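A short write-up of the structure that comes next.
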Amino acid sequence: MPAIESVLHERRVFPPSAAASANAAIFGMDAYRALVAEAERDYEGFWARLARETLEWRKPFSSVLDASDAPFYKWFADGELNVSYNCLDRQVQNGNAEKTAIIFEADDGAVTTVTYRELLQRVCEFANALRSRGVKKGERIVIYMPMSIEGIVAMQACARIGATHSVVFGGFSAKSLNERIADASAVAVITADEQMRGGRAIPLKNIADEALAMGGCDTVKDVIVYRRSGGKVAWNEARDLWWHELTENQPGTCEPEWVGAEHPLYILYTSGSTGKPKGVQHSSGGYLLWAALTMKWVFDLKPKDVFWCTADIGWVTGHTYIAYGPTAVGATQIMFEGTPTYPHAGRFWEMIGRHGVTVFYTAPTAIRSLIKLSAAEPRVQPKRFDLSSLRIIGTVGEPINPEAWIWYYENVGGGRCPVVDTWWQTETGGQMISPLPGATPLVPGSCTLPLPGIMATVVDDAGAEVPPGEGGMLVVKKPWPAMLRTIWGDPERFKRTYFPAELGGQVYLAGDGAVRDKDTGYFTIVGRIDDVLNVSGHRLGTMEIESALVANPDVAEAAAVGRPDETTGEAVVAFVVLKRKRPEGDEATQIADELRAWVAKEIGPFAKPKEIRFGENLPKTRSGKIMRRLLRSLAKGEAITQDVSTLENAAILDQLGESR
Ligand code: PRX
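Per the working numbering: the sequence shown ends with 664, consecutive numbering throughout.
Structure follows, in structure tokens:
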């Protein structure tokens, strides 16, 4: 594990600014430490207090943490509530009925807004529509939607009737969608005719048709289609329903389904170290508690704030910080359909000015690509736009390099807005390690300290805590309310992956390497310790890419590894052995392009390898294991220092080392 000095080149400390600290939810490090101490003193009491203060319970809970079936922990298990009621009805009842809930900006710049009263009404209409189709509590619904108000309506409507949603990112291919529908045994799919991004239309309904035709989806009775663009779609009368027709005569009120706190709110598929994506299952009560609390703590959300999280609802960030968190605290939020570079690379900054955004949350990859583009084109530099409304800026999804942090802090935040670098995962449900804008002195490149109640630490291979300054594996020592509950349909994999016996079976293994600073205890994440890559903040399993490649009839063997990339954080380099002669020159270029397109079709365009290299073989150990460390060195263009004496054919190293 690299020492902290090698990852952190920036040692400046940025104290919380006066502007950010004023009236902050957690003001000053003493307030932070007091909460940490409260959790340490009485862990269950701490969470019980917060759960009572933050959520409205239909039936109060008496049990806080139930560890009787560990690691299948239960939180607030005998309490009952409804997530959509907590997010929407409460706002309407508490004086926010006419407050704008969502300001939606379309790809072409058209703006639509809804108030909390309207949003509740739409959710009720759609929830009634789902009930009219016979959808029952606990049944799964796959949502394959563009960024849209309807996307949030669909998610909240599922929550209202106790259906468990599984949102699939609109960039996934028909095959990936098919696998997710089949794994979840969904009874319905909600989609749109098309998705508009960067001036291009992506035919979601056609892709959904293709996915359903692949088999294994017999459980799907209805396909509900939101008309976004009016694009042409094929229609199956027996199965397809237009969203607008289905909701036309539905009542605008809908009695919520009161569910137990442990009821599965959603399943969200994410990549792991095998080829098969994992259906991460989240609860209702514990999850919503953390979505609401972190909105208050990390974003310090106040009634007048205009919040903008640029993630897609297809990823966990879009679940917690678009669909649920902002509504749970009654925020006004921006929702954006398009891309940061269309029609120009100043689109984010222009939108911040246009809508008076005060809290902005995006991915380091977006920042890095906008740094590059604004260097080339002064017209799109942040300083050309009015960013004076901003008060807190955040990042998520991948490590932010100190250079990008400083640029973001100075150019976007104007040197006055704290940068909250938030570490968390699909599995954690919400932010886990992050600065608090009114309390934590910031160090670029570090996500600083665990949030109160989160018992994160760094351990060695045997599970023993390592001293600060030494690298190790990031773990969480105690269960927390928003943690995943299981992997859908695979409880054994849940146990094995997250509570491995090698570490004693008691601590949650995050899958990231981390190191704590000797003086401050601050955490720096140094990247995944398993075969998971992070490309532009998108999580990808190397095995997934390899399975996709070997599914091609021409491919005999494939290995995929990550290589550091200036813009996307990591890039995929694939090493491929064809069933025929190793291609060279133009032929190699052409086959590499075909294979890249193949991976886009198998998984989705975001998974395309940046580079494909061909060899007559792959380097393997005597027992036949692919030497991945060696491939990683080759991908980076590093000199080979590993022992290669066991290699059958050393000439393949020259072949695989050739970058085209
Ligand atoms: O490696 C960590 C990285 O993203 C992984 C989680 O990916 P995913 O489940 O897709 O969720 C992304 C959005 C929460 C982590 O295991 N990661 C996430 N945030 C950070 C990060 N790495 C470094 N710094 C972060 N702030």
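Note that CB positions come from ideal geometry on N, CA and C, so glycine has one too. Keep in mind that this is a model prediction, so the values were computed, not measured.
TODO: State the beta-bridge partners of residue 226 as determined by DSSP.
DONE: For residue 226, DSSP records a beta bridge to 192.
Task: Reduced DSSP secondary structure (H/G/I, E/B, other) of residue 291 - done: Residue 291 carries a helical assignment under DSSP once its states are collapsed to helix, strand and coil.
- [ ] Output the distance between the C-alpha atoms of residue 300 and residue 362, rounded to the nearest integer angstrom.
- [x] Going by the C-alpha atoms only, they are around 14 Å apart.
Open item on the list: Only counting the same chain, and skipping five residues up and downstream in sequence, which positions put a Cβ closer than 8 Å to that of residue 559?
Closed with: 553, 580, 581, 582, 583 and 599.
TODO: Go through the region 302-383 residue by residue and report every complete run of the beta strand (DSSP E) that reaches 3 residues or more, in order.
DONE: Within the region 302-383, complete beta strand (DSSP E) segments of at least 3 residues are found at 310-313, 336-340 and 363-366, given in chain order.
Task: Residues that DSSP places opposite residue 631 in a beta bridge - done: None; residue 631 has no bridge partner.
Task: Simplified DSSP assignment, three categories, for residue 476 - done: In the structure shown, residue 476 sits in a strand (DSSP, three-state: E or B).
Task: Boundaries (first-last residue) of the alpha helix (DSSP H) holding residue 246 - done: Premise fails: residue 246 lies in the beta strand (DSSP E), 244-246, not in any alpha helix (DSSP H).
TODO: Would you tell me roughly how many angstroms separate the C-alpha atoms of residue 647 and residue 654, rounded to the nearest one?
DONE: If you take the alpha carbons of residue 647 and residue 654, they lie about 11 Å apart.
Task: Span separating the alpha-carbon of residue 235 from that of residue 200 - done: Roughly 11 Å between the two C-alpha positions.
TODO: Specify the secondary structure class of residue 125 as computed by DSSP and reduced to three states.
DONE: Residue 125 falls in the helix class under three-state DSSP.
Open item on the list: Tell me whether the region 404-415 and the region 269-282 touch, counting them as touching only if at least three CB pairs, one residue from each stretch, are closer than 8 Å.
Closed with: Put simply, the region 404-415 does not touch the region 269-282. Fewer than three CB pairs are less than 8 Å apart.
Open item on the list: I'd like to know if the region 162-174 and the region 305-314 are in contact, where contact means that at least 3 CB-CB pairs between them fall below 8 Å.
Closed with: Contact fails between the region 162-174 and the region 305-314, because fewer than three Cβ pairs, one in each stretch, are under 8 Å apart.
Task: Euclidean distance between Cα positions of residue 240 and residue 632 - done: For residue 240 and residue 632, the distance between alpha carbons rounds to 47 Å.
Open item on the list: Would you say the beta carbon of residue 425 is closer than 8 Å to some non-hydrogen atom of ligand 1?
Closed with: Yes, the beta carbon of residue 425 sits closer than 8 Å to at least one heavy atom of ligand 1.
Task: Host alpha helix (DSSP H) of residue 498 (start-end) - done: Residue 498: member of the alpha helix (DSSP H) spanning 495-502, first to last residue.
- [ ] Would you kindly check if the distance between the Cβ of residue 398 and the Cβ of residue 366 is under 9 Å?
- [x] In this structure, residue 366 lies near residue 398, with their beta-carbon atoms less than 9 Å apart.
Task: Assigned exposure category for residue 640 - 16 Cβ within 10 Å defines buried - done: Around the beta carbon of residue 640, a 10 Å sphere encloses fewer than 16 other beta carbons of the protein chains shown; the residue is thus reported as exposed.
TODO: Give the secondary structure of residue 94 by DSSP, where H, G and I count as helix, E and B as strand, and everything else as coil.
DONE: Residue 94 sits in a helix when the DSSP states are folded into three classes.
Task: Validate contact between the region 94-102 and the region 134-153 using beta carbons, cut 8 Å, 3 pairs - done: Between the region 94-102 and the region 134-153, the count of Cβ pairs shorter than 8 Å is below three; the stretches do not touch.
Task: residue 28 and residue 394 closer than 9 Å at C-beta - done: Not a contact, by the Cβ cut-off of 9 Å.
- [ ] Report buried or exposed for residue 483, applying the criterion of at least 16 other Cβ atoms within 10 angstroms of its Cβ.
- [x] Its Cβ being crowded by 16 or more others within 10 Å, residue 483 is buried.
TODO: Mind checking which residues open and close the beta strand (DSSP E) that includes residue 397?
DONE: Its beta strand (DSSP E) spans residues 396-400.
- [ ] Answer with buried or exposed for residue 585, where buried requires no fewer than 16 other C-beta atoms within 10 angstroms of its C-beta.
- [x] Under this definition residue 585 is an exposed residue.
Task: Segment contact, 8 Å Cβ cut-off, at least three pairs: the region 283-290 with the region 488-498 - done: Under the 8 Å Cβ criterion, the region 283-290 counts as touching the region 488-498, having at least three qualifying pairs.
Open item on the list: DSSP three-state label for residue 7, please.
Closed with: Legend: pLDDT at residue 7 = 38, less than 50; position of this residue unreliable, no value from coordinates given.
TODO: For residue 147, verify whether its CB is less than 8 Å away from any heavy atom of ligand 1.
DONE: Shortest gap from the CB of residue 147 to any heavy atom of ligand 1: 8 Å or more.
Open item on the list: Can you tell me where the beta strand (DSSP E) holding residue 657 begins and where it ends?
Closed with: Membership of residue 657 in any beta strand (DSSP E) is not indicated; the residue belongs instead to the alpha helix (DSSP H) covering 655-661.
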